[in-house]
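Chemist: Handing you this structure, nothing more for now.
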Amino acid sequence: MDQLFVHIDQAIIHWAQAVLPDWMAVIVAMKIPIVAIAIFGPVTMMYLTLIERKLLARIQNRFGPNRVGKFGLLQPLADGVKMLTKEDIVPEKADKIAHLLAPILIVIPALLVFAVLPFGRNMIAVDLNIGVLFFLAMSGTTTLFIFTAAWASHNKFSLLGGMRSVAQMISYEIPFVLSVVPVLVVVGSFSTVAIVEAQPGLHWFVFTPWGAVGFFIFFICAVAEVNRTPFDLPEAESELVAGFHTEYSGMKFALFYMAEFMNVFTVSALVATVFLGGWQGPILPSWVWFLLKTYTLILIMMWFRGTFPRLRADQLMGFAWKFLLELTFVNIIVAAIWYEMRSPLNHLTAAAILIVTIIVLFQFNKTEIPKKRIYKYAYAD
Amino acid sequence: MFGIGVLKGMAVTFKNFVESYYKKERLTTIEYPEKRLAEKERFRNFPFLIFDEKPEDPRCVACDICAKECPPQCITIVRAQDAQGKPLKKPATFDIDYSICMNCGVCEEVCPFDAIFMDHEFELAEYGRFEDLNYTIDRLLKPKEHFMKIRPTDATRIEAELKKKENAKKAAAEKAAAAAKAKAEAAKTQASQVPDTKPETKPNEPAQPADPPAEAK
Amino acid sequence: MIPLHHILFFSSTLFCIGLFGALSRRHVVGILISVEIMLNAANVNLVAFSRWTGLIPVNAQVFAIFIITLAAAAAAVALAIVLTIYRNRKTIYTNEIDLLKW
Amino acid sequence: MEVLTAISKVGIYVIFGVTLLGAMMAVTLRNIFHAALSLALTLIGVAAVFFVLRAEFLGAVQILLYVGGIMILVIFTVMLTTRIGDRTIPTSNHQQWPVLIGALLLLLYFVRMIGKTPWSIKSELAVVSAVQIGKSLVSTFIFPFELTAVILVAILIGTVILAKSDEGEEKS
Numbered sequence: 001m002d003q004l005f006v007h008i009d010q011a012i013i014h015w016a017q018a019v020l021p022d023w024m025a026v027i028v029a030m031k032i033p034i035v036a037i038a039i040f041g042p043v044t045m046m047y048l049t050l051i052e053r054k055l056l057a058r059i060q061n062r063f064g065p066n067r068v069g070k071f072g073l074l075q076p077l078a079d080g081v082k083m084l085t086k087e088d089i090v091p092e093k094a095d096k097i098a099h100l101l102a103p104i105l106i107v108i109p110a111l112l113v114f115a116v117l118p119f120g121r122n123m124i125a126v127d128l129n130i131g132v133l134f135f136l137a138m139s140g141t142t143t144l145f146i147f148t149a150a151w152a153s154h155n156k157f158s159l160l161g162g163m164r165s166v167a168q169m170i171s172y173e174i175p176f177v178l179s180v181v182p183v184l185v186v187v188g189s190f191s192t193v194a195i196v197e198a199q200p201g202l203h204w205f206v207f208t209p210w211g212a213v214g215f216f217i218f219f220i221c222a223v224a225e226v227n228r229t230p231f232d233l234p235e236a237e238s239e240l241v242a243g244f245h246t247e248y249s250g251m252k253f254a255l256f257y258m259a260e261f262m263n264v265f266t267v268s269a270l271v272a273t274v275f276l277g278g279w280q281g282p283i284l285p286s287w288v289w290f291l292l293k294t295y296t297l298i299l300i301m302m303w304f305r306g307t308f309p310r311l312r313a314d315q316l317m318g319f320a321w322k323f324l325l326e327l328t329f330v331n332i333i334v335a336a337i338w339y340e341m342r343s344p345l346n347h348l349t350a351a352a353i354l355i356v357t358i359i360v361l362f363q364f365n366k367t368e369i370p371k372k373r374i375y376k377y378a379y380a381d
Numbered sequence: 382m383f384g385i386g387v388l389k390g391m392a393v394t395f396k397n398f399v400e401s402y403y404k405k406e407r408l409t410t411i412e413y414p415e416k417r418l419a420e421k422e423r424f425r426n427f428p429f430l431i432f433d434e435k436p437e438d439p440r441c442v443a444c445d446i447c448a449k450e451c452p453p454q455c456i457t458i459v460r461a462q463d464a465q466g467k468p469l470k471k472p473a474t475f476d477i478d479y480s481i482c483m484n485c486g487v488c489e490e491v492c493p494f495d496a497i498f499m500d501h502e503f504e505l506a507e508y509g510r511f512e513d514l515n516y517t518i519d520r521l522l523k524p525k526e527h528f529m530k531i532r533p534t535d536a537t538r539i540e541a542e543l544k545k546k547e548n549a550k551k552a553a554a555e556k557a558a559a560a561a562k563a564k565a566e567a568a569k570t571q572a573s574q575v576p577d578t579k580p581e582t583k584p585n586e587p588a589q590p591a592d593p594p595a596e597a598k
Numbered sequence: 599m600i601p602l603h604h605i606l607f608f609s610s611t612l613f614c615i616g617l618f619g620a621l622s623r624r625h626v627v628g629i630l631i632s633v634e635i636m637l638n639a640a641n642v643n644l645v646a647f648s649r650w651t652g653l654i655p656v657n658a659q660v661f662a663i664f665i666i667t668l669a670a671a672a673a674a675v676a677l678a679i680v681l682t683i684y685r686n687r688k689t690i691y692t693n694e695i696d697l698l699k700w
Numbered sequence: 701m702e703v704l705t706a707i708s709k710v711g712i713y714v715i716f717g718v719t720l721l722g723a724m725m726a727v728t729l730r731n732i733f734h735a736a737l738s739l740a741l742t743l744i745g746v747a748a749v750f751f752v753l754r755a756e757f758l759g760a761v762q763i764l765l766y767v768g769g770i771m772i773l774v775i776f777t778v779m780l781t782t783r784i785g786d787r788t789i790p791t792s793n794h795q796q797w798p799v800l801i802g803a804l805l806l807l808l809y810f811v812r813m814i815g816k817t818p819w820s821i822k823s824e825l826a827v828v829s830a831v832q833i834g835k836s837l838v839s840t841f842i843f844p845f846e847l848t849a850v851i852l853v854a855i856l857i858g859t860v861i862l863a864k865s866d867e868g869e870e871k872s
């Protein structure tokens, strides 16, 4: 059961070698993971939209889409068809080329990143030895393409949304990138497979002190990187209409939507791989563990969406620069100390240092409540 | 401690999420076409005409009061005439233009013969806007039982009044018949004493459609 | 694999394109873009040499990393200067910024 | 199997072509925003070349730093400095043709020089891993590493002061 998909893969390759000329067989062998990802990506995206709408509905004590198909299972198809048939309006003064290019450019990194995720034991499309760094680089490029989308639609709202989203993604990218460093320090290699192998059985990194803090920071920054609540300032419906994708309709808007949900999947998959031990788990087959962890993280993200109000712009920035960044720096140092101190009480020291830093940072960031002012001349008495 | 508010908020939504699965009163949405919400009794939508047994003779006597009273003037009635052209107490055509009617219920109040009432039917989508929504008499007529079913209290009250009026009429008719009989005997006794040349005319029955004895439900 | 000099041809053409851009562009940001291209050409050369001929291949790649970081720093300062020029003179076309002291 | 090597070789030259095309567009396009986008294309092309040369760490750093960082700066500046309805005057100034000839001559010289010099090509091609780079950064190159850190901090402060909108001074 564990190596189910690997056996399927081998079977197809054997069949290809038997039937096709050998160079064609090699191409087929290379193409299998590509086809798998090309199917898996959009399908997960479609059913994530459905799961999100169902979950949010249940949180708000109502049903969720259950008209189309048995339990609303065909709703994503209906949305897809609707998006296809919707008219594609391009603003008259918009920068035609950039307006068309932006959605395409946003989907490419979202799809490329699937190649680096270890779905199960030796079930990884490309075992890059810079796996995690490749992921971070790809998520870095989406910032630029979001801004091209905002600038190309020649509309004040989308430009404002674009500026806000770029500011947010840059300020959350630094803690996002640096909170993985402790794991790399301990594992010693970028490759995702090596990271997962370094967490055998139940020794996941999240149970170490620096791992827990790292997981907290990495997950928060992941939510911010994907522009989801409570950090969805760029698409704030209330004030910015729809942020950077205001002027998009029809299939282009669907591409933005698809990129967002694929990013949600890949980012929570990376968090699961780096901190929750990827496909490591006691009994269940490896890929079941991987999907289980990723989907719990996705559900937590959707749970966030059902609970939290939107953060103000300055709170958003303050949180990243004044709290997360310092915590990440300390976390890296603590991980190094923990790694060097072989003695068993390294957990204690690491935990102690981290708790002290968290308390100190909270003191610094405490919003100072002004003392009650006394207006000498206001009172008539 | 720090961030407890965040966890409390999450706990609330989690409770909401979990309870919506097993607590029935949390999910109040009625999935409309399959399950319906019973209308309130006094709910009034477009009017309809009542007939007692046969759709041919509705209670309506084409007195035209409702047509006059109707605020948006959407009722048009044409009185029926028999072969010789004598007007009958029956409408030949009775049109209500549902696209104009604002279901105010004035026609129901002003109708002296309790012939027109407000219905509970509201799924009346049509294809044509003009001719389809102009309801003629055959689409308006509905049996008495329908009225009893949708508005039991009003129906019973009105039935009771009708029955009382009927009894009163029947009693009046019997009294009149008895009086006529008594006068007849008196006349006969007089005639026997003094032959009277004037022929007795039996007081004729008031031209009243014979109302079937309405059995009280 | 492809021979070394093909990559050197590529990087030298890239360099020359950058040079042409830097010297012939009227828009200040255009000049900055061309300078970035020239720096990238140098990087490609370094990596090519580290792969084919370098005695200690690591050094060349570390040089390349230093180039990237300092190019980022240089771009930041240059764009800050461009902003101040634009704020004072309301123009970013090089032929209109020809007075040293005004 | 030689079909595959042929395809991969063609692939490399395609990457070269795309990057050069991007560079040419970045240098010649009239609309500065499109020029910035084609610079992004060139940078990604150069990162692809790094991947082809088995320098993955450098390719990833290039994408992370250049496309994720510098490109945003460039696009922000482009956005802040283009006025709506700006008169788009020809992109290149009067010295365009002599520079073109000069650049071509330089290119010719480069090509001749590359063709003639006997490169001492090593027998097996070196592959540098991220670990080696990391180690050498903090061992042999510790001084330039710290110096870059100092420079970056200085530039951080300098840029903020330069680009700070000086409403304050005008009012006082």
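Protein chains in written order, with the numbering used here: chain A, 1 to 381; chain B, 382 to 598; chain C, 599 to 700; chain D, 701 to 872.
Where a beta carbon is used, it is the ideal one built from N, C-alpha and C, also for glycine.
Using a threshold of 8 Å, state whether the C-beta atoms of His625 (chain C) and Ile690 (chain C) are closer than that.
Modeler: Yes.
Chemist: Taking 7 Å as the cut-off, does the CB of Lys556 (chain B) come closer than this to any heavy atom belonging to the ligand FMN?
Modeler: The ligand content of the structure shown is nil, which means the ligand FMN is not present either.
Chemist: Where do the N-terminal and C-terminal ends of the alpha helix (DSSP H) with Ala849 (chain D) fall, by residue?
Modeler: Per DSSP, Ala849 (chain D) belongs to the alpha helix (DSSP H) from 842-863.
Chemist: Taking the DSSP output, what are the residues bridged to Val675 (chain C)?
Modeler: None; Val675 (chain C) has no bridge partner.
Chemist: Name, in chain order, the residues that DSSP records as bridge partners for Val459 (chain B).
Modeler: Answer is B:Thr474, bridged to Val459 (chain B).
Chemist: When the distance is taken between beta carbons, is Val774 (chain D) closer than 8 Å to Ile666 (chain C)?
Modeler: Their beta carbons are not under 8 Å apart, which means Ile666 (chain C) does not touch Val774 (chain D) by this criterion.
Chemist: If the cut is a Cβ gap below 8 Å, which residues of chain D does Glu173 (chain A) touch?
Modeler: Gly768, listed in chain order.
Chemist: So, under 8 Å CB-CB, Ile801 (chain D) and Val767 (chain D) are touching, yes? Tell me the CB distance rounded to an integer number of Å.
Modeler: Wrong, their Cβ atoms sit about 33 Å apart, outside the cutoff.
Chemist: Does any CB atom of chain A fall closer than 8 Å to the CB of Arg407 (chain B)?
Modeler: Chain A contact via Cβ: present.
Chemist: Per the DSSP calculation, Tyr516 (chain B) is bridged to which residue(s)?
Modeler: Paired residue(s): B:Ile477.
Chemist: Could you give the DSSP three-state label for Ile431 (chain B): helix, strand or coil?
Modeler: Here Ile431 (chain B) sits in strand by DSSP.
Chemist: What residue range does the beta strand (DSSP E) around Met499 (chain B) cover?
Modeler: Taken as a continuous stretch (DSSP letters only), the beta strand (DSSP E) holding Met499 (chain B) covers 497-499.
Chemist: Given that a residue counts as buried once 16 or more other Cβ atoms are within 10 Å of its Cβ, and exposed if not, what is Leu324 (chain A)?
Modeler: With 16 or more Cβ atoms within 10 Å of its Cβ, Leu324 (chain A) is classed as buried.
Chemist: Assign Glu105 (chain A) to one of three DSSP states: helix, strand, or coil.
Modeler: Going by the sequence as given, residue 105 (chain A) is Leu instead of Glu. Note: Leu105 (chain A) maps to helix in three-state DSSP.
Chemist: Measuring straight from C-alpha to C-alpha, what distance separates Phe134 (chain A) and Lys699 (chain C)?
Modeler: Taking the straight line from one Cα to the other gives about 48 Å.
Chemist: Count the other C-beta atoms from every protein chain shown that fall within 10 angstroms of the C-beta of Asn548 (chain B), then say buried if there are 16 or more, exposed otherwise.
Modeler: Counting Cβ neighbours within 10 Å, Asn548 (chain B) comes out exposed, since fewer than 16 surround it.
Chemist: Given 8 Å as the limit, is there contact between the region 213-221 of chain A and the region 279-291 of chain A, that is, 3 or more CB pairs closer than that?
Modeler: Contact between the region 213-221 of chain A and the region 279-291 of chain A is absent, because fewer than three Cβ pairs lie under 8 Å.
Chemist: Below 8 Å CB to CB, which residues in the same chain sit around Trp204 (chain A) once its five sequence neighbours on both sides are set aside?
Modeler: These residues qualify, in order along the chain: Gly211, Phe275, Leu276, Gly277, Gln280.
Chemist: According to DSSP, simplified to helix, strand and coil, what is Tyr691 (chain C)?
Modeler: Reduced to three states, the DSSP call for Tyr691 (chain C) is strand.
Chemist: Return helix, strand or coil for Lys252 (chain A), following the three-state DSSP convention.
Modeler: Here Lys252 (chain A) sits in helix by DSSP.
Chemist: Going by the beta-carbon positions, is the gap between Phe5 (chain A) and Gly120 (chain A) smaller than 8 Å?
Modeler: Contact: yes.
Chemist: Would you call the region 158-178 of chain A and the region 92-110 of chain A in contact, with 3 or more CB pairs under 8 Å?
Modeler: Segments in contact, no.
Chemist: Quick one: does Ser823 (chain D) have its CB under 8 Å from some CB of chain C?
Modeler: For Ser823 (chain D), the answer is no, since every Cβ of chain C falls outside 8 Å of its Cβ.
Chemist: Indicate the three-state DSSP secondary structure (helix, strand or coil) for Ile385 (chain B) in the structure shown.
Modeler: DSSP places Ile385 (chain B) in helix when its eight states are reduced to three.
Chemist: Nearest to Thr534 (chain B) by alpha carbon, out of B:Ala419, B:Gly486, B:Lys389, B:Arg423?
Modeler: For the residues B:Ala419, B:Gly486, B:Lys389, B:Arg423, the minimum Cα distance to Thr534 (chain B) belongs to B:Arg423.
Chemist: Please report whether the beta-carbon of Phe319 (chain A) lies at a distance below 8 Å from any beta-carbon of chain B.
Modeler: No, no contact with chain B.
Chemist: Does any CB atom of chain C fall closer than 8 Å to the CB of Lys709 (chain D)?
Modeler: Judged by the 8 Å Cβ criterion, Lys709 (chain D) is in contact with chain C.
Chemist: Report the CB separation of Leu311 (chain A) from Phe231 (chain A) in whole angstroms; it is logged as a contact under 8 Å.
Modeler: Leu311 (chain A) to Phe231 (chain A), Cβ: 6 Å. Contact.
Chemist: Hey, quick one: how far does the beta strand (DSSP E) through Leu20 (chain A) stretch, first residue to last?
Modeler: Per DSSP, Leu20 (chain A) belongs to no beta strand (DSSP E) and is neither H nor E.
Chemist: Can you tell me whether Lys598 (chain B) is helix, strand or coil according to DSSP?
Modeler: A caution first: Lys598 (chain B) carries a pLDDT of 46, below 50, which makes its placement in the model unreliable, though a value can still be read off. It is coil, neither helix nor strand.
Chemist: Taking C-beta pairs closer than 8 Å, name the residues in chain D that Leu681 (chain C) reaches, listed in chain order.
Modeler: In chain order: Thr777, Leu780, Thr781, Leu862, Ala863.
Chemist: So what's Lys405 (chain B) in DSSP terms, helix, strand or just coil?
Modeler: Reduced to three states, the DSSP call for Lys405 (chain B) is helix.
Chemist: Starting from Gly306 (chain A), find everything on chain B with Cβ-Cβ shorter than 8 Å and list it in chain order.
Modeler: Those are Thr394, Phe398, listed as they occur along chain B.
Chemist: Round the Cβ separation of Ala254 (chain A) and Met83 (chain A) to the nearest angstrom and send it over; I've been treating them as touching at under 8 Å.
Modeler: The pair is a contact, with the Cβ atoms about 4 Å apart (cut-off 8 Å).
Chemist: Identify every run of the alpha helix (DSSP H) within the region 102-178 of chain A, keeping only runs that are complete inside it and at least 4 residues long; order them along the chain.
Modeler: Listed in chain order, the complete alpha helix (DSSP H) runs (minimum 4 residues) inside the region 102-178 of chain A are 131-152, 156-178.
Chemist: Would the region 105-118 of chain A and the region 144-157 of chain A be scored as touching if the rule is three or more Cβ pairs under 8 Å?
Modeler: Yes, the region 105-118 of chain A touches the region 144-157 of chain A.
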